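Residue numbers (my numbering), protein chains in the order written: chain A, 451 to 772; chain B, 451 to 772.
C-beta: ideal position from N, C-alpha, C; glycine also.
Note that the coordinates shown come from a computational prediction; the quantities given were computed from them, not determined experimentally.
Note sheet for the following structure.
2 protein chains.
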Amino acid sequence: MKRVSEYSALAEAEIRALDFPKGKLDALYAPIAYGMQAGGKRLRPTLVLMTADAFGKCPDKALRPAVGIEMFHNFTLLHDDVMDKSDLRRGRPTVHSKWDANTAILSGDTMLTLATKLVSDVDDSILRQVLDTFNNQALRVYEGQRLDMDFENQDEVALDDYIEMIKAKTGALLGGAAKIGALIGGASKEDADRMYEFGVMLGVAFQIEDDYLDTFGNADTFGKPIGGDINNNKKTFLMVKAIASGGANAEALKAALKLPAGPTKIKAVTRIYETMGMPAVSKAEAAAYSSKALAAIKKTSLSDDAREAYRKLIEKLVGRSK
Amino acid sequence: MKRVSEYSALAEAEIRALDFPKGKLDALYAPIAYGMQAGGKRLRPTLVLMTADAFGKCPDKALRPAVGIEMFHNFTLLHDDVMDKSDLRRGRPTVHSKWDANTAILSGDTMLTLATKLVSDVDDSILRQVLDTFNNQALRVYEGQRLDMDFENQDEVALDDYIEMIKAKTGALLGGAAKIGALIGGASKEDADRMYEFGVMLGVAFQIEDDYLDTFGNADTFGKPIGGDINNNKKTFLMVKAIASGGANAEALKAALKLPAGPTKIKAVTRIYETMGMPAVSKAEAAAYSSKALAAIKKTSLSDDAREAYRKLIEKLVGRSK
């Protein structure tokens, strides 16, 4: 096994080498190239490459499907940014603010088809399974996004519903990435399914940690301003769990969430979370899902070397504030 | 061979039988069911079924891919209506006006993935070819839509560029439908490619006729108000060809196109088209592309019976105002 950073460098190089039609069709493809150059951890293609290598020692065969998975992820970002009217992502203007919403919609559609093409670049013997995995994870992602949008109009969200949403919106794509990597590596159907389970649980742990960092992280290492979720009244693990706890603190929290966006609101909500012990609760929940992810790995036929690589990946992602 | 109306009835029944998840996910799937119930000619799935039958006597094997092709078409309508801010389609509120733009974007994305799943419901032996055909036609459709959007900001469009746009935006999906039907029917690669060519040429003939009917048709049989394209200064075959002819009439046309939308403008532009003999020019151009479509059919190994069925289809579509 290589180090995680080596897999992500492989993915990054393949993404940089993407070539799009120029000339008259630049208006369609330039926003796609721009969207793919956003950088970031490249977690999803890394998971494809790493898993293909873990099962079959063949990361190269997984390069184009890995880029396809990243293309799918970036397609969802283009459309999510239109739906959320977000102007910035990782410090750069989003496609819909740099160009316009129609461009983000149409170039996003194009990315979904390009992603399907890239992911389908596998041996004929596994094409059906890879394609089904890809399409099914995609449907789960849309379902998760729909639930997340519906949550915006609900005063309270049940914790189970929140976790179900995260499993779909964030977990399914990580699950799909790991399963597709496993299929390319020649894993058995059982092992491929376990890797899907691993990815979903990793996704939940990752999202809970991300919710935590949005309130309790360090702006420099987190990459965006702290408190954005609080200002937007976003349903996060912290908010859903704190309100579900009930009592005077939950009531105080509901009142604080009605404050106008700004530093006072961020400070008030953060203080209530601290009073309720939410940082430790959040860390424990993320750790519990990390354990579930690792448990899925342990059920596979993977070598100790590979298991250790996944343990390090989890640590890197979920313990990344430490 | 069955009659065209029998293939379209088969497609309609299969579309009516579609079953979507209910409950919490209704917000995602109800707009899809609504979009699929729009009715219409069901031309694209009809072409899949008819062509599978023509080559292999197996329309039933093509039912789900046929519905997939219609799902793809309806996905493009959902997104096009957002981009065009259209509130009505076939006399019903569009998805984005009945729900909202975000719903149309997300449910549209879901339709594209569902379409890919449905189209992939073919024998493993032809999965790769069918999938490639589907994805490549999809890219052509996006490219055509992009060019059409870009034309809106251009004063003049060259006739060749207009035809190229139509081949992509309208022709590619008809080509893809015919080719996928051929592949399901067991056609040779050569015959499948000829059926693609047939579909593209049929698409161009169909669009030129549609442009004609928007100005010179009968509102009752055409299904929407006459003159909409003129009011919207839409680049149509009539406009592009008339302006390309140059001279005093073209200058008069440019002036008339600057009039405010309304009956006076429609009448003025229509009269100039008539003075220029555009109805006959348009009919001749549509007939020329119909001939190209038929020529592609004649190059295949299809029986006389099948050829006659395609001839009738062309007559029905392109001669449908007669």
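Considering Cα atoms alone, identify which of the options is closest to residue i.
i         : options                                    : result
Thr560(B) : Gln604(A), Leu497(A), Phe584(A)            : Phe584(A)
Val580(A) : Arg540(A), Lys619(A), Leu528(A), Ala642(A) : Ala642(A)
Leu493(A) : Ala711(A), Val607(A), Glu462(A)            : Glu462(A)
Gly621(B) : Ala554(B), Ala608(B), Arg644(B), Arg590(B) : Arg590(B)
Met791(A) : Ala632(A), Gly625(A), Asp661(A)            : Outside the shown range of chain A (451 to 772) lies residue 791(A), about which nothing can therefore be said.
Lys548(A) : Asp754(A), Gly635(A), Pro675(A), Ile482(A) : Ile482(A)
Lys472(A) : Asp476(B), His529(B), Glu593(B)            : Glu593(B)
Leu744(B) : Ile764(B), Met726(B), Ile465(B), Ser732(B) : Ile764(B)
Asn699(B) : Leu460(B), Ile722(B), Lys749(B)            : Ile722(B)
Lys715(B) : Lys749(B), Val768(B), Ile680(B)            : Ile680(B)
Met726(B) : Leu703(B), Leu468(B), Lys674(B)            : Leu703(B)
Leu597(A) : Pro515(B), Arg542(B), Ala477(B)            : Ala477(B)
Leu568(A) : Phe648(B), Leu568(B), Val569(B), Asp582(B) : Asp582(B)
Gln587(B) : Met500(B), His523(B), Val690(B)            : His523(B)
Glu606(A) : Met689(A), Ala705(A), Gly697(A)            : Met689(A)
Asp661(B) : Asn682(B), Glu647(B), Arg644(B)            : Asn682(B)
Pro710(B) : Gly678(B), Val731(B), Ala730(B), Lys733(B) : Gly678(B)
Asp610(A) : Phe687(A), Asp537(A), Thr665(A), Thr566(A) : Phe687(A)
Pro729(A) : Phe666(A), Ala759(A), Leu752(A), Ala746(A) : Phe666(A)
Lys474(A) : Val731(B), Lys762(B), Phe656(B), Asp600(B) : Asp600(B)
Asn552(B) : Ser695(A), Thr526(A), Ser570(A)            : Thr526(A)
Thr671(B) : Ile634(B), Phe505(B), Gly769(B)            : Gly769(B)
Tyr646(B) : Val454(B), Ala480(B), Tyr479(B), Leu497(B) : Leu497(B)
Strictly below 9 Å CB to CB, what residues from chain B border residue i?
i         : result
Gln579(A) : Going along chain B, no residue has its Cβ under 9 Å from Gln579(A), so there is no contact; the nearest lies around 11 Å.
Tyr592(A) : Leu478, Leu556, Ser557, Asp559, Thr560, Thr563
Just the chain A side, please: which residues come within less than 8 Å of residue i by C-beta, in chain order?
i         : result
Gln595(B) : Leu556
Asn603(B) : Near Asn603(B) there are no residues of chain A at all, since even the closest Cβ is about 10 Å away, more than 8 Å.
Where does residue i land, buried or exposed, given buried means 16+ other C-beta within 10 angstroms?
i         : result
Glu602(B) : exposed
Asp531(A) : buried
Leu623(B) : buried
Ser638(A) : exposed
Ala632(B) : buried
Gln487(B) : exposed
Glu735(B) : buried
Pro675(A) : exposed
Asp755(B) : exposed
Arg540(B) : exposed
Gln604(B) : exposed
Leu562(B) : buried
Ser741(B) : exposed
Ser753(A) : exposed
Gly673(A) : exposed
Pro509(A) : buried
Pro778(B) : The question about residue 778(B) has no answer here: the residues shown for chain B are numbered 451 through 772.
Who are the neighbours of residue i on chain B, taking C-beta pairs under 7 Å?
i         : result
Leu589(A) : Thr560, Thr563
Asp469(A) : Near Asp469(A) there are no residues of chain B at all, since even the closest Cβ is about 14 Å away, more than 7 Å.
Asn585(A) : Thr563, Thr566, Lys567
Just reading off the alpha helix (DSSP H) that residue i is part of, what are its end residues?
i         : result
Leu468(A) : Run containing Leu468(A): none; DSSP gives neither H nor E here.
Lys491(A) : Unbroken run through Lys491(A): none, as it is neither H nor E.
Glu735(A) : 728 to 748
Gly667(B) : Careful: Gly667(B) lies outside any alpha helix (DSSP H) and carries neither H nor E.
Gln579(B) : 574 to 601
Ala516(A) : 513 to 534
Ala705(A) : 697 to 707
Met615(A) : 609 to 616
Asp559(A) : 551 to 569
Lys829(B) : The first residue shown for chain B is 451 and the last is 772, placing residue 829(B) beyond what the model contains.
Ser547(A) : 545 to 548
Pro481(B) : 476 to 486
Gly625(A) : 622 to 634
Leu767(B) : 754 to 768
Ile678(A) : Here residue 678(A) is Gly; the residue named in the question, Ile, does not match the sequence. Its alpha helix (DSSP H) spans residues 678 to 681.
Run through chain A and tell me which residues come within less than 7 Å of residue i, C-beta to C-beta.
i         : result
Met599(B) : Asn552
Asp574(B) : Arg578
Got a sec: which bits of the segment 549 to 572 of chain B sit with their beta carbon under 7 Å from any beta carbon on chain A, in order along the chain? Asn552, Ile555, Leu556, Asp559, Thr560, Leu562, Thr563, Thr566, Lys567, Ser570
At a CB distance below 7 Å, what residues from the segment 506 to 536 of chain B approach chain A? Give them in sequence order. His529, Val532, Met533
Between the segment 474 to 493 of chain B and chain A, which residues of the former have a C-beta closer than 8 Å to a C-beta of the latter? Lys474, Leu475, Ala477, Leu478
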